[in-house]
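To start, the structure under review is shown below, and the notes come after it.
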Amino acid sequence: MEFILPTHVRWDVDFRGRVGRPKRIARQIREIAPQYVELRIEGDKGIDELSAIFTEIHKVHPKVEATVGLTARAVAASRWGYPIAFLWAIEGGNTFSRCIPENARAVSFTPDEETIRLLPQVLEDFAESGAKELHLPNVNAVRALAAVGHVPVASSGQFRELARKLDPSRIPLKHKRIVVHDFFLWRALLGVFPEEGGKRVEFSACEAGTRLAYVDWDGNVYPCDSIPIRLGNLLETPFERIWGAPQRMRVVEAIHSVPVDCDSCIAHSGCRGLVKFSSESIDKREPRDSQEVAASSLKSR
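Once you know that position 43 of the sequence shown is 228 in my numbering, the rest is easy, because the numbers rise by one and skip nothing.
Okay, here's the thing in structure tokens:
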């Protein structure tokens, strides 16, 4: 298998008030010169580190995007003048158009087994807001395992119910764009918005373990945030050595052996990697180890 360093790094800077060694992690990410760095910053501790993180990463001039919570400190950070594309994480339930900063370009909402019921209202609010993009990412499996011990993905029945509830006449998508990470959610939305779908509803294809890498708040490296199989830690091992290890290659081969529209994927957020992880068919030892790492993270908070 061809060895390719990731060009896209997704990094969880903080989690429930925990921030690891962000400057050292940023330095390791910089060493592989990614083209795109996607930061997730949950709280104010992560925002406090944003300046140092950006200064380090920007030395190799990647495109930087930051998904942040709707806090006063995050709003202030968005005005610092750094060339960072901010995505405002919303939880749904309330009209968010009054909450997001003026001139906000994009918002982000994660539909899971609980929050997917809020998606029709989120779509309506998005259509009425000034935001141009709505990102609908998959459930972060690493964070979910650390927080609640399981990955709360929506079911196929919930997808069908969602499609029945959506009224395209109330959700004008003119000049709007929806980026969907879940294959089956993408397919459901495409069925509701056939006219707009070809141009404005997009599916982000799987690049886990190849062009995409996920780094958690402690510097642990995974093929993707949907595949909680720990490959190594940036505070102990250089990124290039982690990525060149046989385990990463086994994970990629296993993911690619699953059809993109497999029936089992319906129960796992449309994610081929999560199917393999759940069946423990990538590495029978590693999935258990990964869950132990997540459980340890939870206990140490």
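Idealized CB from N, CA, C, for every residue including glycine.
Rounded separation between A237 and K208 - CA only: 7 Å
Anticipated Cβ contact below 8 Å, A316 with A289, distance rounded: 5 Å
Buried versus exposed, by CB contacts within 10 Å (16 or more), G455: Low confidence applies to G455: its pLDDT is 48, below 50, so where it sits in the model is not reliable enough to give any reading.
According to DSSP, residues forming a beta bridge with K248: Y221
Cα-Cα separation, A270 to Y221: 11 Å
Backbone CA spacing between I210 and L397 [nearest angstrom]: 16 Å
Candidates A326, V333, L308 and P337: closest to S354 by CA position: L308
Inter-residue CB distance, L235 and W196 (contact presumed, cutoff 8 Å): Going by Cβ atoms, the distance from L235 to W196 rounds to 12 Å, so no, they are not a contact pair.
Inside the stretch 320-354 only - alpha helix (DSSP H) runs reaching at least 4 residues: 326-333 and 341-350
Cβ-Cβ distance between I440 and A373 below 7 Å: no
Proximity of I226 and V194 at Cβ, strictly below 7 Å: no
Residue nearest to D297 in terms of C-alpha spacing, selected from E313, H335 and W265: H335
Cut-off 6 Å between Cβ atoms - residues of its own chain near Y399, not counting five sequence neighbours on either side: R195, Y407, C409 and D410
Inter-residue spacing [alpha-carbon to alpha-carbon] between V198 and V253: 10 Å
I217 versus E421: straight-line alpha-carbon distance, rounded: 16 Å
Residues near H366 by beta carbon distance below 7 Å, same chain, minus five either side: L321, P322, N323 and S389
Close beta carbons around R302, own chain, < 6 Å, minus the five adjacent residues each side: none
Three-state class that DSSP yields for A393 in the structure shown: strand
For V364, three-class secondary structure by DSSP: strand
Burial state of V292, where buried means 16 or more other Cβ atoms lie within 10 Å: buried
DSSP beta-bridge partners of Y399: R195 and Y407
Boundaries of the beta strand (DSSP E) in which L420 is found, first to last residue: Careful: L420 lies outside any beta strand (DSSP E) and carries neither H nor E.
Per-residue burial, W487 [other beta carbons within 10 Å of its own, 16 or more giving buried]: Residue 487 cannot be examined here, being either before or after the span of the chain that is shown, 186 to 486.
Cβ-based burial, K350 [other Cβ within 10 Å; buried from 16]: exposed
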